[in-house]
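Colleague: Under the numbering used here, think of the first position of the sequence shown as 1, with each following residue one higher.
Beta carbons are placed, not taken as given, at the ideal position from N, Cα and C, and that holds for glycine.
First, the structure itself, so that you have it in front of you.
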Amino acid sequence: MSEDKTLTKIPHFDGHYDHWSELMENLLRAKGLWSLVEIGFTEPIEGTILTEAQREQFDDARLKDHQVKHYLFQAIDRTVFEQILDRRTAKSVWDSLKRKFGGNLKVKKSLLNALRREFEVLEMKKDETITDYFARYECPKWKNEANYAELDEEDELLLMAYVELHEAKRSDAWFLDSGCSNHMCGNKSMFSSLDTTFTHSVKLGNNTRMKVSGKGTVKLILQGNCYTIGEVYWAPELKNNLMSVGQLQEKGVAVLFKNGVCSIYHPQKGKMAESIMSANRMFILLAESSITTHEGRCLQVSNSDQSILWHYRYGDLSYKGLRILQQKHGGRFAANC
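Quick look at the structure:
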């Protein structure tokens, strides 16, 4: 009895058809029901006169077919169930699942794209520690050769760019975009270096195209620290700047979304910046360019004498006393006296 219960534990379909179908086939073969999927069950033609033995045979086959359908329906959720139009026999249900989820190139590509997006917007799960979070995408053994699949993407897609064309421009605003394939900036003056011989075009969310007139480096000030952002596209038509989450993670930067807050962590320097989700569910970083910052602030150069500071720190101690402290303590005090 316990053995039967173990065999009838139905494998749940989680979207990975190849794995699930092998488990389900093994279960049905163990139950002696695989022929209902492989060959199928056909009702006798209406009006056909059957012998008692034939009626019993059809009744038994019909019962087994319902049993297989019962297993299949237990394995799928309501969303998948509603996609199966032909549910007359177990074979028709199985074939429908196979057409929709197995061996279909478009289906497999869409599943891979979904996994890619899941990685780009990697979010800390509930009750997950920081260590566990980083372990989900960092190799525990550094310098290991990466196993990856190359994806042929002729068009780079910017999901937010079309909206930004019609919004008010703010040069220090950078929109964190998981659907953006590349960093984008519309302000030429923000680039510390720019290669204008590089030309390209990107596809927007509405299938129109935007011209890229160069590629270069932008230096941004985040929480008082200067960070160099490379491989940034210059698109003169773009009103606000876009920062690609995927491109950040390619450089080893961790982007963490939790409780309406986006935190960005540098692998060596730690926390770079933090952004609170806006009313329209967007994450915006306010980061000035080091070029514009220097242009706005470096109006004069002065040499600040620190001796007055130490004078106040030691309760209006005379400058002679400060020099004595400097001589006795080897420059630890009043270095500029």
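Out of Ile324, His19, Thr42, Met184, state which residue places its alpha-carbon closest to the alpha-carbon of His66.
Modeller: It is Thr42.
Colleague: Between the alpha carbons of Arg209 and Asn225, how many angstroms are there, rounded?
Modeller: Using only the alpha carbons, I get a separation of about 35 Å.
Colleague: Using a 10 Å radius around the Cβ and a threshold of 16 neighbouring Cβ atoms, would you call Ala90 buried or exposed?
Modeller: Burial call: buried.
Colleague: Can you pull the DSSP bridge partners for Cys262?
Modeller: Beta-bridge pairing links Cys262 to Phe257, Ser275.
Colleague: Thinking C-beta only, is Val37 closer than 9 Å to Glu25?
Modeller: Cβ atoms of Glu25 and Val37: closer than 9 Å.
Colleague: In chain order, what residues of the same chain lie with their CB nearer than 6 Å to the CB of Asp18, ignoring the 5 residues before and after it?
Modeller: Contacts found: none.
Colleague: Assign Leu339 to buried or exposed, taking buried as 16 or more other Cβ atoms, counted over all protein chains shown, within 10 Å of its Cβ.
Modeller: Because the chain is modelled from 1 through 337, residue 339 falls outside the range shown and cannot be assessed.
Colleague: Please list the terminal residues of the continuous alpha helix (DSSP H) segment that includes Arg87.
Modeller: Element bounds for Arg87: n/a, residue is neither H nor E.
Colleague: According to DSSP, simplified to helix, strand and coil, what is Ser178?
Modeller: Here Ser178 sits in coil by DSSP.
Colleague: Pair every Cβ in the segment 213-227 with every Cβ in the segment 267-287, then say whether three or more of these pairs are closer than 8 Å.
Modeller: A contact exists between the segment 213-227 and the segment 267-287.
Colleague: Just to confirm, are Glu80 and Asp86 a CB contact at a threshold of 9 Å?
Modeller: The residue asked about is misnamed: residue 80 is Val in this sequence, not Glu. No, they are not a contact pair.
Colleague: What is the DSSP secondary structure of Phe41, reduced to helix, strand or coil?
Modeller: Here Phe41 sits in coil by DSSP.
Colleague: In whole angstroms, give me the CA-to-CA distance for Asn259 and Met282.
Modeller: Cα-Cα distance, rounded: 13 Å.
Colleague: Give me the Cα-Cα distance between Cys39 and Glu250, rounded to the nearest whole angstrom.
Modeller: Note that residue 39 is Ile in the sequence shown, not Cys. So the alpha carbons of these two residues sit roughly 49 Å apart.
Colleague: Using 10 angstroms around the beta-carbon of Lys9, count the other beta-carbons present and answer buried if the total reaches 16, otherwise exposed.
Modeller: Burial call: exposed.
Colleague: Among all the DSSP beta bridges, which residues are the ones paired with Thr217?
Modeller: DSSP lists Ser193 as partners of Thr217.
Colleague: What does a CB cutoff of less than 6 Å around Asn303 pick up in its chain, not counting 5 residues either side in sequence?
Modeller: Its pLDDT being 46, under 50, Asn303 is placed unreliably by the model, and the measurement read from it follows with that caveat. Same-chain partners within the cutoff: there are none.
Colleague: Are the segment 209-222 and the segment 233-247 touching by the rule of at least three beta carbon pairs closer than 8 Å?
Modeller: Result yes; three or more Cβ-Cβ pairs closer than 8 Å.
Colleague: Tell me which same chain residues have a C-beta within less than 7 Å of the C-beta of Ser263, skipping the five on either side of it?
Modeller: Closer than 7 Å at Cβ, skipping near neighbours: Leu256, Lys271, Glu274.
Colleague: Helix, strand or coil, according to DSSP, for Thr79 in the structure here?
Modeller: It is helical.
Colleague: Return the CA-CA distance between Cys180 and Phe58, expressed in angstroms with no decimal places.
Modeller: So the two alpha carbons sit approximately 58 Å from each other.
Colleague: Does at least one heavy atom of the ligand MG sit under 8 Å from the Cβ of Val245?
Modeller: By its list of ligands, the structure shown contains no ligand whatsoever, and the ligand MG lies outside what it can speak to.
Colleague: Can you tell me the Cα-Cα spacing of Lys100 and Leu33, whole angstroms?
Modeller: So the two alpha carbons sit approximately 23 Å from each other.
Colleague: Whose CA, out of Ser35, His266, Ser213, lies closest to the CA of Leu222?
Modeller: Selected option, being the one with the closest Cα: His266.
Colleague: Among all the DSSP beta bridges, which residues are the ones paired with Thr48?
Modeller: Paired residues: none, contrary to the question.
Colleague: Which partner residues does Tyr227 have in the DSSP bridge list?
Modeller: Partner(s): Leu220.
Colleague: Note down the Cα distance separating Phe191 from Thr197, rounded to an integer number of angstroms.
Modeller: Phe191 and Thr197: Cα-Cα distance of roughly 15 Å.
Colleague: Flag this pair as yes or no: are the beta carbons of Lys188 and His200 separated by less than 9 Å?
Modeller: No. Outside cutoff.
Colleague: With distances taken from CA atoms, which of Ala173, Asp195, Gly15 is nearest Val232?
Modeller: Residue Asp195 is the option with its Cα nearest to Val232.
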